[in-house]
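Numbering (our numbering), first residue to last: 1013 to 1382.
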């Protein structure tokens, strides 16, 4: 029997949506013997806990560009990969206090300059889109109709299946322990089942990325920050066309999910969530929570992703620190990493997202973090 740990041209560490997107794009770029290592099952980490939001409403121009490209990819995902990812474009609605209005007006102007149909919205218009919305303390809103949601697990399975069809392998139940190097170059990945030889490693291990990177002498400043999601199995009078609605002051958000609603934010219990949810949408008081779960945001110091290649060791690449935006950026980031590894010019240059920016005081803060 041929060893599962036979040498590979590239090894991806992490089976979340960033990892499987990267694996697929590596295989599509010709690295058909690429391997992905996942200690659990595909999508079992932060991806499985993601709310599935996809938006262009960012304050950083590059994030807007990534999202515009990503939305194109999500829109054609079913045609490209023959899987329904539940992509729905009901829009994102940000509910804003007076102090937030100037920043969102500037962000809206930026987004529009890049081709996004974002617009500022009056409170009366917001209330029409969200029946029963309490407007207390609000001054306005921003809305983009091409924003939406998709099912993270379906995206993971679509990419993974397509990568395998091209010859790439996904080794689940294989934990990466350390990246091996020699003479300033990557030589392999030490796993719990032995050494997997390779000259190129792509670290996409979410909140575990710093520990993996440290074994190669690379510093990735990421910290975990917990977010919580609750499922309400009814919508009441709320329409299926309800936009993903965000109370930006508190971090409360909600969107339709099947016959019910997803409601989320920074609150670890339903009792903690309830006062904020009911204050903004009183009808939620009559819609019982049926289940809940949580996952980690991998936060970077400036709330922007870290994507790139290490100077040393050669052959070490990374994608982490997405600060809650990894799912929606996965199509573009996976392709960019594959382009780096394959030595091809990228469709969109993400070079400014290199982790080197923190050593050189070149941070680029993203303000619109939920």
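Virtual Cβ for every residue (Gly too), placed ideally from N, Cα, C.
Just so you know, these numbers come straight off a predicted model, no measurement behind them.
Query                                                                                                               : Result
Bounding residues of the beta strand (DSSP E) (the contiguous stretch that carries residue 1309)                    : 1301 to 1311
Residue 1227, DSSP secondary structure in three states                                                              : coil
Status (buried if at least 16 other CB within 10 Å, exposed otherwise) for residue 1072                             : buried
Outcome for residue 1206 when other beta-carbon atoms lying within 10 angstroms are tallied against a minimum of 16 : exposed
Given 8 Å, three or more beta-carbon pairs between the stretch 1318 to 1335 and the stretch 1211 to 1231            : yes
Separation of residue 1244 from residue 1300, as counted between CA atoms                                           : 6 Å
Sheet register partners of residue 1100 (DSSP bridge)                                                               : 1161
Per-residue burial, residue 1123 [other beta carbons within 10 Å of its own, 16 or more giving buried]              : buried
Beta-bridge pairing of residue 1194 - partner residues as DSSP gives them                                           : 1197
Backbone CA spacing between residue 1152 and residue 1308 [nearest angstrom]                                        : 30 Å
Reference residue 1019; option with closest CA among 1181, 1106, 1233                                               : 1181
Beta-carbon proximity list for residue 1129, same chain, < 8 Å, skipping 5 on both sides                            : 1156, 1157, 1158
Residue nearest to residue 1195 in terms of C-alpha spacing, selected from 1148, 1228, 1224, 1203                   : 1228
Neighbourhood of residue 1013 by C-beta, 6 Å cutoff - its chain only, sequence neighbours within 5 removed          : With a pLDDT of 31 at residue 1013, under the threshold of 50, the modelled position of this residue cannot be trusted, and the question is left open.
Beta-carbon proximity check, residue 1039 vs residue 1339, cutoff 8 Å                                               : no
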